[in-house]
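Just so we're aligned, residue -13 is where the sequence shown starts under the working numbering, counting upward by one.
Think of the CB as a built atom: it goes at the ideal place given N, C-alpha and C, for glycine as much as any other residue.
Here's the structure we're looking at; comments come further down.
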Amino acid sequence: MQTAYLNGTLLPLAEARVPAMDRGFLFGDGAYEVIPVYSRRPFRLSEHLRRLRHTLAGIRLENPHDDAEWTRLIDEIIARNEGEDQSVYLQITRGADTKRNHAFPAVVTPTVFIMSEPLVTPPPAQRDTGIAAVSAPDVRWLRCDLKTTSLLANCLLRQLAADAGCVETILFRDGFLTEGAASNIFVVKNGALLAPPKNHLMLPGITYDVVLELAASHGLKCEVRDVLEEEVRAADELWMTSSTKEVLPITVLDGQAIGAGKPGPVFRDMYAWYQNFKQKVMRGGG
Ligand code: PMP
């Protein structure tokens, strides 16, 4: 049985209920985070909580808890759920109002929800052969740096991949790479890593930061700059990164092979560095 947290109460997930007038339900008016947990320790928790503060400030919703309280609540959920490796989901909405009104309620009582699911990392076969992706114009709003629960555009875009039997949809805006429907995207060209800069057009991924840090510490040449759509299609290697997918090679885009059409040597290095880093950090308790 999964145990969830809802507004101060721990309860079976299947029994968690929110009012139909909650603004999360009516407007998608909320913020969220997904935190991977390895060996019952949340990975990069302070970075996730910092991004949560950025999202909450961006949508003008007061943070209901300080970091110490979030940490306590997340530890409690991890302890009460099964599995050494978990995926903790937390969400804060602007709560319920008495009538449907776009402007905020005069008094906001946020809805705070936390649950945990088993962490499902990609099957080894996906790492060995790579995954296929499609591309689409990035039709989202201009605050993609905020991790809000208004995810309809991301859902529609990800469904394009699902419809085509693919794993991810790579997004382009005005001829430039932004990110994936639910991941960040990296290009490898001539042995160097290329990634778009963090700005309002993409989510600042926690995994994106880890990958750039690992590249720097292992002396892999890295360029963070605007990446043209043509550079993505002509890449030697293409990767997607996210907290649950970690680093995955994309070997086919819109039916065309990327590079040699199989996971490349730079991916294999990064994958090994990522796994080592995870082990080290988790053993060290960080
Ligand atoms: N971009 C989008 C749109 C996402 O939804 C996600 C997370 N699923 C990411 C990037 C990757 O972020 P993180 O590495 O923090 O999981």
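What would DSSP say about residue i, mapped onto helix, strand or coil?
i: Met268; result: helix
i: Arg123; result: Note on identity: in this sequence residue 123 is Pro, with Arg being the wrong assignment. Of the three classes helix, strand and coil, the one that applies to Pro123 here is strand, per DSSP.
i: Asn140; result: helix
i: Val197; result: helix
i: Pro251; result: helix
i: Arg3; result: coil
i: Leu(-8); result: strand
i: Gly69; result: coil
i: Glu165; result: strand
i: Ala150; result: coil
Does residue i pass the burial test, meaning 16 or more other C-beta atoms within 10 Å, or should it be called exposed?
i: Thr193; result: buried
i: Trp259; result: buried
i: Pro251; result: exposed
i: Asp15; result: buried
i: Lys10; result: For the record, residue 10 in the displayed sequence is Gly; it is not Lys. By the neighbour-count rule (16 or more Cβ atoms within 10 Å), Gly10 is buried.
i: Arg36; result: exposed
i: Gly272; result: Caution is warranted here: a pLDDT of 48 is assigned to Gly272, below 50, making its placement in the model unreliable, and the coordinate value is therefore given only provisionally. Gly272 is exposed by the Cβ-count criterion.
i: Ser102; result: buried
In terms of residue numbering, what span does the beta strand (DSSP E) encompassing residue i cover?
i: Leu157; result: Glu154 to Arg159
Do residue i and residue j have their C-beta atoms closer together than 8 angstroms?
i: Gly166; j: Leu157; result: yes
i: Ile117; j: Val94; result: no
i: Thr268; j: Leu200; result: Reading off the sequence shown, one finds Met at residue 268, where the question assumed Thr. Going by C-beta atoms, Met268 is not nearer than 8 angstroms to Leu200.
i: Cys130; j: Leu189; result: yes
i: Gln72; j: Val23; result: yes
i: Arg219; j: Leu239; result: yes
Could you give the residue range of the alpha helix (DSSP H) that holds residue i?
i: Pro110; result: Pro110 to Thr115
i: Gly10; result: Arg9 to Phe13
i: Ile236; result: Careful: Ile236 lies outside any alpha helix (DSSP H), inside the beta strand (DSSP E) at Glu232 to Leu239.
i: Glu19; result: First-last for Glu19: Gly16 to Tyr24, but that is the beta strand (DSSP E), not the alpha helix (DSSP H).
i: Leu42; result: Leu31 to Gly44
Tell me, please, whether the stretch 88 to 96 touches the stretch 56 to 70 by the rule of three or more beta-carbon pairs shorter than 8 angstroms. no
- For the stretch 102 to 114 and the stretch 123 to 131, state whether three or more C-beta atom pairs, one from each stretch, are separated by less than 8 angstroms. The stretch 102 to 114, when compared against the stretch 123 to 131, does not touch it at the 8 angstroms Cβ threshold.
Review point. Touch check for the stretch 219 to 238 and the stretch 159 to 173: three-plus C-beta pairs under 8 angstroms?
Key: The stretch 219 to 238 vs the stretch 159 to 173: in contact.
Worksheet item: Does the stretch 25 to 37 come close enough to the stretch 134 to 145 that 3 or more CB-CB pairs lie under 8 angstroms?
Response: no
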